[in-house]
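Enquirer: Here the first sequence stands for residues 2 to 277, numbered as in our numbering.
The structure that follows is given in the form of structure tokens.
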Amino acid sequence: MPELPEVETVRRGLIPVLEGKILKAIDVYRDGLRYPFPPLFKERLKGQQILNLTRRAKYLLLHLNECQTLVIHLGMSGRLRAEDASSFVLQKHDHVVFYSNESKAIAYNDARRFGLMDLVQTTRLNDHPLFRHLGVEPFDDDLTPEVFHNLLKKRQNSIKVALLDQRMIVGVGNIYASEALWASGIHPLRVSDSLTLKDSRNLLDHIRKVLKRAIEAGGSTLKDHQQPDGKLGYFQHQFAVYGRDLSSCPREKCLGYIKKETLGGRSTFYCDKCQN
DNA sequence: ATATATCCCTGCGCGC
DNA sequence: TGCGCGCAGGGATATA
């Protein structure tokens, strides 16, 4: 499910439900997800106040008092669902349920269990093995076209694969990589270090635009993504290329059609007429 | 160090 | 209706 826009949508949906609230109880239904939950997971969470919710890359961060941060990743199929505790019903693949002091139940549901949760010292977050190698946030002001260009100059792989590499720029996943490349008119097989400064500026611009539009649409719901209140995302209706192979290229006056190819093990969609 | 392959897991849609 | 196959918003790990 979740690339940056989906995680951001979930974060925003959870703010009114969780910010400032106390975790009154936590139910845990298995030992872990991708990794085991940390020792004394429930005990350490219980009674903690959630000060605020932030996001880093595709990780959702719940900052608690006592300088602890609950790290949540949704993997491919993770969802967070907020309901009134009084009417809450446990569903298949609900692995963890948080109960707030304002009678809300927030269920973490993840069929494939590629997600993860960890509890770490906030000050040591950047040293965490999962965070240590993360690249720059796409909306970071420090990420200028020049900086982006320099990052790309160091890479000999295809630009599509480079965009998915979270060590360079974070948050872009398989959908938005294809979409941003199409919007930029850049072929996914272009070698990263062949992009000019102008290409880099263009691509960065479109990455930001696509991510913004997707956030505004509540993310993309293919199967799993839902906002915490159960609403679906709608950006999938605005896809130019993702999942649209064999249909005609939506670019004005382009007579090409969308192709699908596997790059770095992931499906990639593009128009070879208008992407060069 | 860097590029590809494999694995984790469940569910769904497709062809037969 | 059922079965097997391939594929799915991610990413760590092993292999060359």
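Backbone N, C-alpha and C define an ideal beta-carbon position, used for all residues, glycine too.
Does the Cβ of Lys59 have 16 or more other Cβ atoms within 10 Å, making it buried, or fewer, making it exposed?
Expert: Buried: at least 16 other Cβ atoms inside 10 Å.
Enquirer: Report the CB separation of Val90 from Asp28 in whole angstroms; it is logged as a contact under 8 Å.
Expert: In fact, because the Cβ distance is near 13 Å, the residues do not count as touching under 8 Å.
Enquirer: Give the straight-line distance between the Cα atoms of Leu63 and Pro37, rounded to the nearest whole angstrom.
Expert: Cα to Cα, the separation comes out at about 19 Å.
Enquirer: Considering only residues of the same chain and omitting the five flanking positions on each side of Leu256, which have a CB-CB separation below 8 Å?
Expert: So the qualifying residues of the chain are Ser249, Cys250 and Lys274.
Enquirer: Counting C-beta neighbours from all protein chains within 10 Å, is the total for Lys232 16 or more, i.e. buried, or is it exposed?
Expert: It is exposed - the Cβ of Lys232 has fewer than 16 other Cβ atoms within 10 Å.
Enquirer: Any contact of the segment 192–200 with the segment 149–157, i.e. 3+ C-beta pairs under 8 Å?
Expert: Segments in contact, yes.
Enquirer: If you compare alpha carbons, which of Leu165, Tyr30 and Ile160 is closest to Glu138?
Expert: With distances taken between Cα atoms, Glu138 lies closest to Leu165.
Enquirer: Put Phe236 into one of helix, strand or coil per three-state DSSP.
Expert: If DSSP states are grouped into helix, strand and coil, Phe236 belongs with the helices.
Enquirer: Whole-angstrom Cβ separation of Glu7 and Gly172, contact assumed at under 8 Å?
Expert: Not a contact, Cβ separation roughly 10 Å.
Enquirer: Quick one: what does DSSP say Phe89 is sitting in, helix, strand or coil?
Expert: Reduced to three states, the DSSP call for Phe89 is coil.
Enquirer: Rounded to the nearest angstrom, what separates Phe116 and Gly33 at their Cα positions?
Expert: First, the amino acid is wrong: residue 116 is Gly here, not Phe. Distance between the alpha carbons of Gly116 and Gly33: 9 Å.
Enquirer: Got a sec? Which residues, its chain only, sit under 8 Å from Lys260 by beta carbon, not counting five neighbours each side?
Expert: Excluding residues within five positions, the ones whose Cβ falls inside 8 Å are Asp246, Phe270, Tyr271, Cys272 and Asp273.
Enquirer: One question on the structure: do Ala241 and Ile208 come within less than 8 Å of each other, judged by their Cβ atoms?
Expert: No.
Enquirer: So the candidates are Trp183, Lys224, Glu20 and Gly136; which of them puts its Cα closest to the Cα of Asp206?
Expert: Checked all of Trp183, Lys224, Glu20 and Gly136; the closest Cα to Asp206 is Trp183.
Enquirer: Just to confirm before moving on: does the CB-CB distance between Lys25 and Ser101 stay below 8 Å?
Expert: Yes.
Enquirer: For Arg57, which of Lys254, Leu198 and Phe140 has the nearest alpha-carbon?
Expert: That would be Phe140, whose Cα lies nearest to the Cα of Arg57.
Enquirer: Which parts of the segment 207–274 are runs of the beta strand (DSSP E), unbroken and 3 residues or longer, counting only runs that do not cross its ends?
Expert: With a minimum length of 3 residues, the continuous beta strand (DSSP E) runs that stay inside the segment 207–274 are 259–264 and 267–272.
Enquirer: Distance, Cα to Cα, Lys216 vs Glu9?
Expert: It should be noted that the sequence gives Ile, not Lys, for residue 216. Approximately 7 Å between the Cα atoms of the pair.
Enquirer: Name, in chain order, the residues that DSSP records as bridge partners for Gln50.
Expert: Per DSSP, Ile23.
Enquirer: With respect to the alpha helix (DSSP H) encompassing Phe149, which residues constitute its N-terminal and C-terminal limits?
Expert: Pro146 to Lys154 is the extent of the alpha helix (DSSP H) around Phe149.
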